[in-house]
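Everything on this sheet refers to the single structure shown next.
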Amino acid sequence: MALLPLAGKHCAVVGATGIIGFSIAKAFAQQGAVLSLLARSAVDARPRLEPQLRPYSLPGTSDANDLGVPAAHRFIKLDVADRESIKAVFGARGSSKPQTATTVGPIDILVNCAGITQTSLLIRTSDEHLSNIVDTNLLATMLVCKHAKMRPNGIAPREIGPLLLRFSPSHGNKRRPRGHCLRCIQSRRHW
C-alpha cells in the first residue's frame, strides 16, 4: 500500500488520547506530519504520549512556518461535548485569527475519532445518555468538520474511529450516527 505524502502536513486528531486516536497520530507522525492532538485529557496525557511520537522536523523543500504549520506536535484540550470548546479551539468559520497554543489553525488532515457508547442494552439506556451519545458521536463530529479550517490542498477528511466499530443489535446507538457522519464528511469534500 502506498503511503500518503505527509511530510510537512498539519494533522489534527480529535480524540487523540484514546487507543485508536493515538495509534493514528503515531502513524501520521512516523510519516513526517506535525500533529495537533486534541482531547479532554490531551494536556495531562502529554508527558506519557509525547515520547512515543517521532519528533517533527520541518521539511527542507518548503518553508512550512510561512504557511502556518506548527513547528512541533501540540497537545490541546478539547471537549467535543462542549460546542463552545469546539468553536474556541478551531476558531469561528471565516476568522483570520492566527494560530495560538490553544487553537488549531489551518490543517491539511482532520481525523475525528472521539466518541462514547454505552455498555448496557439499548432498552436499558436512559434517554439522556442516548442524547449524549448522539451529541458526541454525531453532532460534535459535524461541528468539528464545520469549524476546522482545511487548507485548499489538504487531504479530504475521513471519519475514523469508534463510529466504525463492529455493531451488535443490542448496541444500535452507533448505526445512524455513523451514516450521518459519513454523509457529512462526503459533503465536506465539496466545501
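Numbering (UniProt numbering), first residue to last: 1 to 191.
Built from N, CA and C at the ideal position, the CB exists for glycine as well.
Determine the direct distance from the alpha carbon of residue j to that of residue i, and round the result to whole angstroms.
i: V43; j: A148; result: 20 Å
i: residue 194; j: A71; result: For residue 194 there is no data in the structure shown, the boundaries of the chain being 1 and 191.
i: A39; j: V80; result: 8 Å
i: P55; j: T125; result: 43 Å
i: P169; j: L130; result: Caution is warranted here: a pLDDT of 33 is assigned to P169, below 50, making its placement in the model unreliable, and the coordinate value is therefore given only provisionally. Roughly 15 Å separates the two Cα atoms.
i: P162; j: C113; result: The predicted position of P162 is uncertain, since its pLDDT is 29 and thus under 50; no value can be drawn from it.
i: L78; j: I123; result: 31 Å
i: P51; j: M142; result: 31 Å
i: K26; j: H10; result: 13 Å
i: S41; j: D127; result: 26 Å
i: A16; j: Q118; result: 20 Å
i: V89; j: G68; result: 15 Å
So, using beta-carbon positions, are residue i and residue j closer together than 7 Å?
i: L6; j: A33; result: yes
i: V111; j: I24; result: yes
i: V14; j: L37; result: no
i: G115; j: N137; result: yes
i: H73; j: L49; result: no
i: R151; j: P106; result: yes
Rounded C-beta distance between residue i and residue j? I'm assuming under 8 Å.
i: A140; j: I76; result: That belief does not hold up - the Cβ atoms of A140 and I76 are roughly 15 Å apart, past 8 Å.
i: G91; j: T103; result: 6 Å
Determine which residues share a DSSP beta bridge with residue i and list them.
i: K77; result: A39
i: N137; result: In the DSSP output, where bridge partners are listed per residue, N137 has none listed.
i: A12; result: S36, L110
i: M150; result: I107
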